[in-house]
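Peer 1: This is the structure I want to talk about, given as structure tokens.
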Amino acid sequence: MSFAPNLSSFLGSLKESPTNVELSLQTLVDLFKRRQIRGSRQCAIATAHLLKQVIRRFKARDTVSLIKRVQDVGQKLTDAQPKELAISNIIRRILGVIRDEADGDKEGDAFQNYSSSEPGTPRKKGSMSPPQGQQNGVPVIADLEALHRPPLLTSHTSYMASTNGPIVTSMFSLLSQPLSDTSTPGSQSPAQQLYSSFNPTLRPQELSAEVIDGIDEIIDELDNMDDQIASYAIDHIHSNEIILTHGTSLTVQRFLLRAASKRRFTVIHAEGYPNQHHETHATITGKHKASSDGDPDQSDVQRFAKPLIEAGITVVLIPDAAVFALMSRVNKVILGTHAVLANGGLIASAGVKSIALAAREHRTPVVVVTGVYKLCPTFVFDFDSFIEYGEPGCVLGCAEDSDLIGKVDVENPLHDYVEGELVDLFITNLGGHAPFSLSSVITEQYRSEDTDLAVGN
Amino acid sequence: MPPAETSQATHDTEPKTSAQPSASQGQPTNGSTATHPSTPGPSSVQAAATPPANEEKLSNAELKKRAKAEKQAKRAQKKADEGVPPTQTGPSNPLRSAQQQQRQRAPPTPREASIPLPSLATTRQQGRQTQSQTRPLPHRLAHSTPQSQQETQVVENKNVALFEHLYKQPRRTTIAGVSKDVYRDVLAEGKSRLKHYAEPADNIQMIESYVTPPGTSLPRNLTLLLSPQIEYLGSCRSLSMSTRNAIRWLKLLINDVDIETAEEKAKSDLCEAIDNFIREKIIIADQLIASMASSKIKDGDTILTYAKSKVVTKTLLQAHAQGTKFKVIVIDSRPLFEGKELVQELAAAGLDVQYSLTHAISHLMQSASKVFLGAHAMLSNGRLYSRIGTAVVAMNASKLAKPVIVCCESIKFTDQLALDSIVTNEIVPPNELLLPEREGQERKQALASWRELPNLQLLDLMYDVTPADYIDMVITEYGSLPPSSVISIYRLSLST
Numbered sequence: 001m002s003f004a005p006n007l008s009s010f011l012g013s014l015k016e017s018p019t020n021v022e023l024s025l026q027t028l029v030d031l032f033k034r035r036q037i038r039g040s041r042q043c044a045i046a047t048a049h050l051l052k053q054v055i056r057r058f059k060a061r062d063t064v065s066l067i068k069r070v071q072d073v074g075q076k077l078t079d080a081q082p083k084e085l086a087i088s089n090i091i092r093r094i095l096g097v098i099r100d101e102a103d104g105d106k107e108g109d110a111f112q113n114y115s116s117s118e119p120g121t122p123r124k125k126g127s128m129s130p131p132q133g134q135q136n137g138v139p140v141i142a143d144l145e146a147l148h149r150p151p152l153l154t155s156h157t158s159y160m161a162s163t164n165g166p167i168v169t170s171m172f173s174l175l176s177q178p179l180s181d182t183s184t185p186g187s188q189s190p191a192q193q194l195y196s197s198f199n200p201t202l203r204p205q206e207l208s209a210e211v212i213d214g215i216d217e218i219i220d221e222l223d224n225m226d227d228q229i230a231s232y233a234i235d236h237i238h239s240n241e242i243i244l245t246h247g248t249s250l251t252v253q254r255f256l257l258r259a260a261s262k263r264r265f266t267v268i269h270a271e272g273y274p275n276q277h278h279e280t281h282a283t284i285t286g287k288h289k290a291s292s293d294g295d296p297d298q299s300d301v302q303r304f305a306k307p308l309i310e311a312g313i314t315v316v317l318i319p320d321a322a323v324f325a326l327m328s329r330v331n332k333v334i335l336g337t338h339a340v341l342a343n344g345g346l347i348a349s350a351g352v353k354s355i356a357l358a359a360r361e362h363r364t365p366v367v368v369v370t371g372v373y374k375l376c377p378t379f380v381f382d383f384d385s386f387i388e389y390g391e392p393g394c395v396l397g398c399a400e401d402s403d404l405i406g407k408v409d410v411e412n413p414l415h416d417y418v419e420g421e422l423v424d425l426f427i428t429n430l431g432g433h434a435p436f437s438l439s440s441v442i443t444e445q446y447r448s449e450d451t452d453l454a455v456g457n
Numbered sequence: 001m002p003p004a005e006t007s008q009a010t011h012d013t014e015p016k017t018s019a020q021p022s023a024s025q026g027q028p029t030n031g032s033t034a035t036h037p038s039t040p041g042p043s044s045v046q047a048a049a050t051p052p053a054n055e056e057k058l059s060n061a062e063l064k065k066r067a068k069a070e071k072q073a074k075r076a077q078k079k080a081d082e083g084v085p086p087t088q089t090g091p092s093n094p095l096r097s098a099q100q101q102q103r104q105r106a107p108p109t110p111r112e113a114s115i116p117l118p119s120l121a122t123t124r125q126q127g128r129q130t131q132s133q134t135r136p137l138p139h140r141l142a143h144s145t146p147q148s149q150q151e152t153q154v155v156e157n158k159n160v161a162l163f164e165h166l167y168k169q170p171r172r173t174t175i176a177g178v179s180k181d182v183y184r185d186v187l188a189e190g191k192s193r194l195k196h197y198a199e200p201a202d203n204i205q206m207i208e209s210y211v212t213p214p215g216t217s218l219p220r221n222l223t224l225l226l227s228p229q230i231e232y233l234g235s236c237r238s239l240s241m242s243t244r245n246a247i248r249w250l251k252l253l254i255n256d257v258d259i260e261t262a263e264e265k266a267k268s269d270l271c272e273a274i275d276n277f278i279r280e281k282i283i284i285a286d287q288l289i290a291s292m293a294s295s296k297i298k299d300g301d302t303i304l305t306y307a308k309s310k311v312v313t314k315t316l317l318q319a320h321a322q323g324t325k326f327k328v329i330v331i332d333s334r335p336l337f338e339g340k341e342l343v344q345e346l347a348a349a350g351l352d353v354q355y356s357l358t359h360a361i362s363h364l365m366q367s368a369s370k371v372f373l374g375a376h377a378m379l380s381n382g383r384l385y386s387r388i389g390t391a392v393v394a395m396n397a398s399k400l401a402k403p404v405i406v407c408c409e410s411i412k413f414t415d416q417l418a419l420d421s422i423v424t425n426e427i428v429p430p431n432e433l434l435l436p437e438r439e440g441q442e443r444k445q446a447l448a449s450w451r452e453l454p455n456l457q458l459l460d461l462m463y464d465v466t467p468a469d470y471i472d473m474v475i476t477e478y479g480s481l482p483p484s485s486v487i488s489i490y491r492l493s494l495s496t
């Protein structure tokens, strides 16, 4: 590869050579395999962009083959990095978009159920992607889309409609469809929609334009997610609170930063030694590497995060071992996560389990902030299969201990599985959820056909 | 800074010297000087400006300020001489600024605004004279307060508020200023305590070199002599429970010595008793505990331990020597990394050792079958006071229903109680948390200049308190017991 491999270079290459989808796919698979793109957010963005390209270049006539194609590509991506659950979540979302478009389009062109193109996201004004500006690669399709689609007002779709829209069973669409239709003139009757048969033959450009539009909204959602999550911060943090957090989650940092604009509180930050401490220190101090040397996380942090200390928040850095000692004075634990499983359990960075346990022992509420794309519909029972292992050298640290190498077995897990019972509140870009209501959020996110990606084809 | 020096001086000093009176009090005085030039306004100024405290030396900065103020005063006077209408520009401005400085928000009265120029000029001249004669207190007062405020702003308190009480425990870093009564052995001990976080039970060999001064009785004099030694040890690092127990025992012992006993006899008796104490309470106790605890290790066990404890090390080595086949997981933590020493010892003995840090604890706990922990002290409410992180390990173990066994000599038992790790603890100097700078590293560590960053604090504690619920068994030289029996063992060990 001629470019420095990371997320931004991959996105650049997608723009440069939009035609060679197979090459892009192979590149991304390699990047995933080599862990040059890592972290849920990076993986999600890369996957969404790649699939957009795939769908744009797809010449097939019907949705069935499009779904098949996306599933195939998805299979390759998830195989490349099965532990990054966000990849498969994004694929599910996109499959859901395709299926929704197919369902919506079978009614004909008179009414296009716009709300289904972005499942589960409360639409707010301005969150809709600028249709032409972003699609640098294909102005033709964008134009076509503009021709075929009547301009839609965001106010047309209520929250109810948009969240209920993607619930895929016909019973649910029966209930939800009229809600969104009431505001739309010339809508189909629900019965008609129910009885109309699946129509796989669609003009391909039209379909792909719709789907690409949906993907753009997913990408947009990924971009705006942290802001949306942060907007709930004021509701959950009171003055003079002592908050414990861990690691380098950008979502958590922004969440706290937003609260800092209104409230004064203290943050106790466990550093996440040995895998995250450099990044944690950089996040806390605001001192990032002068040049981003290929680490996408680093450059990401660099771009966005103003350290909390600059916002006037007292930050106390502690070693991970001290979490239990301090927990008795902590009012709230706010954590980021790598993924959330369907049972509410977290795959989070190593050390979080101890924090969550200590919080439970002290009856301290644990709040997990996460984008919805991290919610997985899969039920897993072998949690250890998601735990990734890091370099043992990080654990041993200094070179002076090199005499230990070879004598001792060193283990360095990167992730912990944290039971959902230890979490008191989830905050996603859709709002706050109690752990037991998480499953309904997940059901709204994905179509049940896509829950099992691997066996599906 | 206010533009004119003397006028400021007058308005400044009056309220200041009279212990910050209200604006209403200050302004009439101005008015009186203004309306009745015959009344010795300037002299009152002078009187006000010459309290006894004004003879203090001036710093360079203050001198500079004075020069500047003088210049400004000259300029103001020139202006006044030129006949610039004084009401708005000249006198009222300094007045107002002076008022502002004192945060007197009273609006200027018409009288004030119409202060006649001549009197002001004379005030100025007088003021300058005053200044040259006496050291200008007004300046010092006017400038020193904001300056000191600035200083306090610059030097941010880097102590974590919750632990403010713990920062008071000073840590001696040099032997300077140590009372000359302190013996050399004790000094050396203190130094070693600074370097290593070792746990010396007692080092009271000084008695051997002790000679009772003639004319005083041994017990009284020795106790007196002992206290500076203990104080010194305490100043190096706060005394551990075991040391405190040993000292208490020794003091009792000394008090019990019969005054009639010959000095040589008393000394040799004491030394013997101390030797016995060390042997009985530490060496033999360790051996007993190790043999008891090692019998708890069975073939196929995986023993998880945290950081490094002497007794646990002995236990593991003894079990290995007895031929038990077991694995050891050592969990370690930043910044001390004591576990590495343990791993060295165990690996050298040929044990199968797995090593990781606190982040992996919940993961590795799954493969453990028993947890052995050392103690710094056993508190009388059954809680374990030990190296920070022990509580995390014990909590993870008890969540997975793994037995947690604490190995602890009874000398570490105490009647103290603690509910959390915050009231009683020890603060490690936060710089120890900084990552070691590596050779050839072009980039500085992000934390290197943490003291310059506002609002950033580093906290490193030495110990934490593990709740008694997590502990299944405490092994002491008196046998194995539940944590609830700590207090009875403590009483037992006092009586023996």
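So the protein sequences, as listed, match chains E and B.
453 is the number that full-length UniProt numbering gives to position 453 of the first sequence; each next residue is one higher, with no gaps.
9 is the number that full-length UniProt numbering gives to position 9 of the second sequence; each next residue is one higher, with no gaps.
Every residue gets a Cβ at the ideal spot worked out from N, C-alpha and C, and that includes glycine.
1) Please confirm whether Gly344 (chain E) and Glu411 (chain E) have their CB atoms less than 9 Å apart.
2) Determine which residues of the stretch 359 to 391 of chain B have a Cβ less than 7 Å from any Cβ of chain E, and write them out in chain order.
3) Helix, strand or coil for Ala270 (chain E), going by three-state DSSP, please let me know.
4) Please report the distance separating the alpha-carbon of Ser268 (chain B) from that of Asn381 (chain B).
5) Could you spell out the range, first to last residue, of the beta strand (DSSP E) harbouring Asn425 (chain E)?
6) Helix or strand or just coil, what does DSSP make of residue 511 (chain B)?
7) Can you find a C-beta in chain E that's less than 9 Å from the C-beta of Ser421 (chain B)?
8) Below 8 Å on C-beta distance, what does Gly344 (chain E) contact in chain B?
9) At a CB-CB cut-off below 8 Å, which residues of chain E make contact with Val160 (chain B)?
10) Return yes when the Cβ of Leu456 (chain B) is within less than 9 Å of the Cβ of Val315 (chain E), no when it is not.
11) If we count the other Cβ atoms within 10 Å of its Cβ and call it buried at 16 or more, is Pro138 (chain B) buried or exposed?
12) Roughly how far, in whole angstroms, is the beta-carbon of Met327 (chain E) from the beta-carbon of Ala350 (chain E), given that I think they are within contact range, below 8 Å?
13) By how many angstroms is the C-alpha of Ala307 (chain B) removed from the C-alpha of Phe337 (chain B)?
14) Between Ser231 (chain E) and Phe255 (chain E), what straight-line distance do the alpha-carbon atoms span, to the nearest angstrom?
15) Between the Cα of Leu257 (chain E) and the Cα atoms of E:Pro82, E:Ile215 and E:Ala311, which residue gives the shortest distance?
16) Of the choices B:Leu226, B:Ala266, B:Tyr232 and B:Val311, whose alpha-carbon is the least far from that of Leu373 (chain B)?
17) Note down, in chain order, each residue of its chain lying with its Cβ closer than 7 Å to the Cβ of Glu391 (chain E), except the 5 sequence neighbours on either side.
18) To the nearest whole angstrom, what separates the beta carbons of Thr476 (chain B) and Arg383 (chain B), a pair I think is in contact under 8 Å?
19) Asn396 (chain B) touches chain E at which residues, Cβ-Cβ below 9 Å?
20) Hey, Ala394 (chain B) and Tyr470 (chain B): beta-carbon distance below 9 Å or not?
21) Nearest chain E C-beta to Glu112 (chain B) closer than 9 Å, yes or no?
22) Quick one: which chain E residues come within Cβ less than 7 Å of Pro228 (chain B)?
23) Output needed for Leu357 (chain B): all residues of its chain with C-beta closer than 8 Å, excluding positions within five of it in sequence on either side, in chain order.
24) Please check the pair Ile313 (chain E) and Val267 (chain E), which I expect to be a contact at CB under 8 Å, by giving their CB distance rounded to whole angstroms.
25) Please report the straight-line C-alpha distance between Pro37 (chain B) and Lys168 (chain B), rounded to a whole angstrom.
26) Pick helix, strand or coil for Gly390 (chain E), following the three-state DSSP scheme.
27) Does chain E have any CB closer than 9 Å to the CB of Arg334 (chain B)?
28) So which residues of chain B does Ile427 (chain E) contact, with C-beta pairs closer than 9 Å?
29) Taking buried to mean at least 16 other C-beta atoms within 10 Å of its own C-beta, is His49 (chain E) buried or exposed?
30) Are three or more beta carbon pairs between the stretch 376 to 386 of chain E and the stretch 77 to 95 of chain E nearer than 8 Å?
31) Can you give the Cα-Cα distance for Leu400 (chain B) and Val353 (chain B), rounded to whole angstroms?
32) Straight-line CA distance for Val138 (chain E) to Gln71 (chain E)?
33) Please confirm whether Gln281 (chain B) and Leu404 (chain E) have their CB atoms less than 9 Å apart.
34) Excluding sequence positions up to five away, which residues of its chain have a Cβ less than 7 Å from the Cβ of Met365 (chain B)?
35) Using a 10 Å radius around the Cβ and a threshold of 16 neighbouring Cβ atoms, would you call Tyr273 (chain E) buried or exposed?
36) Give a yes or no on whether 9 Å exceeds the smallest Cβ distance from Pro274 (chain E) to chain B.
Peer 2: Put simply:
1) Within the first sequence, numbered from 1, the residue matching residue 344 (chain E) stands at position 344. Within the first sequence, numbered from 1, the residue matching residue 411 (chain E) stands at position 411. In this structure, Glu411 (chain E) does not lie closer than 9 Å to Gly344 (chain E) by Cβ.
2) His359, Ala360, Ile361, Ser362, His363, Leu364, Ile388, Gly389 and Ala391
3) By one-based count along the first sequence, residue 270 (chain E) stands at place 270. Note: Ala270 (chain E) maps to strand in three-state DSSP.
4) As a first step, residue 268 (chain B) must be located in the second sequence, where it is residue number 268. As a first step, residue 381 (chain B) must be located in the second sequence, where it is residue number 381. Looking at the two C-alpha atoms, the distance is approximately 38 Å.
5) One-based indexing of the first sequence puts residue 425 (chain E) at position 425. One detail in the question is off: residue 425 (chain E) reads as Leu in this sequence, not Asn. Leu425 to Thr428 is the extent of the beta strand (DSSP E) around Leu425 (chain E).
6) An answer regarding residue 511 (chain B) cannot be provided, because it is not within the stretch 1 to 496 covered by chain B.
7) Taking the first residue of the second sequence as position 1, residue 421 (chain B) is located at position 421. At least one chain E Cβ lies under 9 Å of Ser421 (chain B).
8) Here the question's residue 344 (chain E) lines up with position 344 in the first sequence. Going along chain B, no residue has its Cβ under 8 Å from Gly344 (chain E), so there is no contact; the nearest lies around 17 Å.
9) What you label residue 160 (chain B) is simply residue 160 of the second sequence in a count that begins at 1. Near Val160 (chain B) (Cβ distances below 8 Å), the residues of chain E are Val316.
10) On the first sequence, residue 315 (chain E) is found 315 positions in, with the first residue counted as 1. On the second sequence, residue 456 (chain B) is found 456 positions in, with the first residue counted as 1. Going by C-beta atoms, Val315 (chain E) is nearer than 9 Å to Leu456 (chain B).
11) Taking the first residue of the second sequence as position 1, residue 138 (chain B) is located at position 138. Low per-residue confidence applies at Pro138 (chain B): pLDDT is 43, beneath 50, and the placement is therefore not dependable, though the value from the model is reported in the following sentence. With 16 or more other Cβ atoms within 10 Å, it is buried.
12) In the first sequence, residue 327 (chain E) corresponds to position 327, counting from 1. In the first sequence, residue 350 (chain E) corresponds to position 350, counting from 1. About 18 Å; that fails the 8 Å criterion.
13) By one-based count along the second sequence, residue 337 (chain B) stands at place 337. By one-based count along the second sequence, residue 307 (chain B) stands at place 307. The straight-line gap from Cα to Cα measures roughly 7 Å.
14) Taking the first sequence and counting its residues from 1, one reaches residue 231 (chain E) at position 231. Taking the first sequence and counting its residues from 1, one reaches residue 255 (chain E) at position 255. Taking the straight line from one Cα to the other gives about 8 Å.
15) Counting from one through the first sequence, the residue named residue 257 (chain E) turns up at place 257. Among E:Pro82, E:Ile215 and E:Ala311, the Cα nearest to that of Leu257 (chain E) belongs to E:Ala311.
16) Here residue 373 (chain B) refers to the residue found at position 373 of the second sequence. That would be B:Val311, whose Cα lies nearest to the Cα of Leu373 (chain B).
17) Here the question's residue 391 (chain E) lines up with position 391 in the first sequence. Around Glu391 (chain E): Asn412.
18) Taking the second sequence and counting its residues from 1, the one referred to as residue 476 (chain B) is at position 476. Taking the second sequence and counting its residues from 1, the one referred to as residue 383 (chain B) is at position 383. Actually they are not in contact, since the Cβ atoms of Thr476 (chain B) and Arg383 (chain B) sit about 15 Å apart, beyond 8 Å.
19) Taking the first residue of the second sequence as position 1, residue 396 (chain B) is located at position 396. Ordered by position in chain E, the residues that pass the 9 Å Cβ test against Asn396 (chain B) are Lys353, Ser354 and Leu357.
20) Within the second sequence, the letter at position 394 stands for residue 394 (chain B). Within the second sequence, the letter at position 470 stands for residue 470 (chain B). Yes, these two residues count as a Cβ contact at 9 Å.
21) Indexing the second sequence from 1 puts residue 112 (chain B) at position 112. Here Glu112 (chain B) scores only 43 on pLDDT, less than 50, and its place in the model is too uncertain to base an answer on.
22) For this step, residue 228 (chain B) is matched to residue 228 along the second sequence. Near Pro228 (chain B) there are no residues of chain E at all, since even the closest Cβ is about 33 Å away, more than 7 Å.
23) In the second sequence, residue 357 (chain B) corresponds to position 357, counting from 1. Result list for Leu357 (chain B): Ile331, Asp332, Ser333 and Arg334, in chain order.
24) For the purposes of this step, residue 313 (chain E) is taken as residue 313 along the first sequence, with counting starting at 1. For the purposes of this step, residue 267 (chain E) is taken as residue 267 along the first sequence, with counting starting at 1. 6 Å between Cβ atoms; contact.
25) Residue 37 (chain B) sits at position 37 when you count from the first residue of the second sequence. Residue 168 (chain B) sits at position 168 when you count from the first residue of the second sequence. For Pro37 (chain B), the predicted structure reports a pLDDT of 42, less than 50, and the residue's modelled location is therefore unreliable. A value from the coordinates is still provided. About 58 Å.
26) Stepping through the first sequence from its first residue, residue 390 (chain E) is reached at position 390. Gly390 (chain E) falls in the coil class under three-state DSSP.
27) By 1-based counting over the second sequence, the position of residue 334 (chain B) is 334. True, the Cβ-Cβ gap to chain E drops below 9 Å.
28) Residue numbering aside, residue 427 (chain E) sits at position 427 when the first sequence is read from its first letter. Correct list: empty, because the minimum Cβ distance to chain B is about 24 Å.
29) By 1-based counting over the first sequence, the position of residue 49 (chain E) is 49. That one is buried.
30) Proximity of the stretch 376 to 386 of chain E to the stretch 77 to 95 of chain E meets the contact definition, three or more beta-carbon pairs being nearer than 8 Å.
31) For the purposes of this step, residue 400 (chain B) is taken as the residue at position 400 of the second sequence. For the purposes of this step, residue 353 (chain B) is taken as the residue at position 353 of the second sequence. So the alpha carbons of these two residues sit roughly 21 Å apart.
32) As a first step, residue 138 (chain E) is located in the first sequence; it is residue number 138 there, counting from the start. As a first step, residue 71 (chain E) is located in the first sequence; it is residue number 71 there, counting from the start. For Val138 (chain E), the predicted model reports a pLDDT of 39, less than 50, meaning its position is unreliable and no value from the coordinates is stated.
33) Taking the first residue of the second sequence as position 1, residue 281 (chain B) is located at position 281. Taking the first residue of the first sequence as position 1, residue 404 (chain E) is located at position 404. Reading off the sequence, residue 281 (chain B) comes out as Lys, not Gln. No, Cβ-Cβ distance for Lys281 (chain B) and Leu404 (chain E) is not below 9 Å.
34) Here residue 365 (chain B) refers to the residue found at position 365 when the second sequence is read from its first residue. So the list reads Leu304, Asn396, Ala397, Leu400 and Lys402, once near-sequence residues are dropped.
35) Here residue 273 (chain E) refers to the residue found at position 273 of the first sequence. Its Cβ being crowded by 16 or more others within 10 Å, Tyr273 (chain E) is buried.
36) Within the first sequence, residue 274 (chain E) is the residue found at index 274, counting from 1. Pro274 (chain E) counts as touching chain B.
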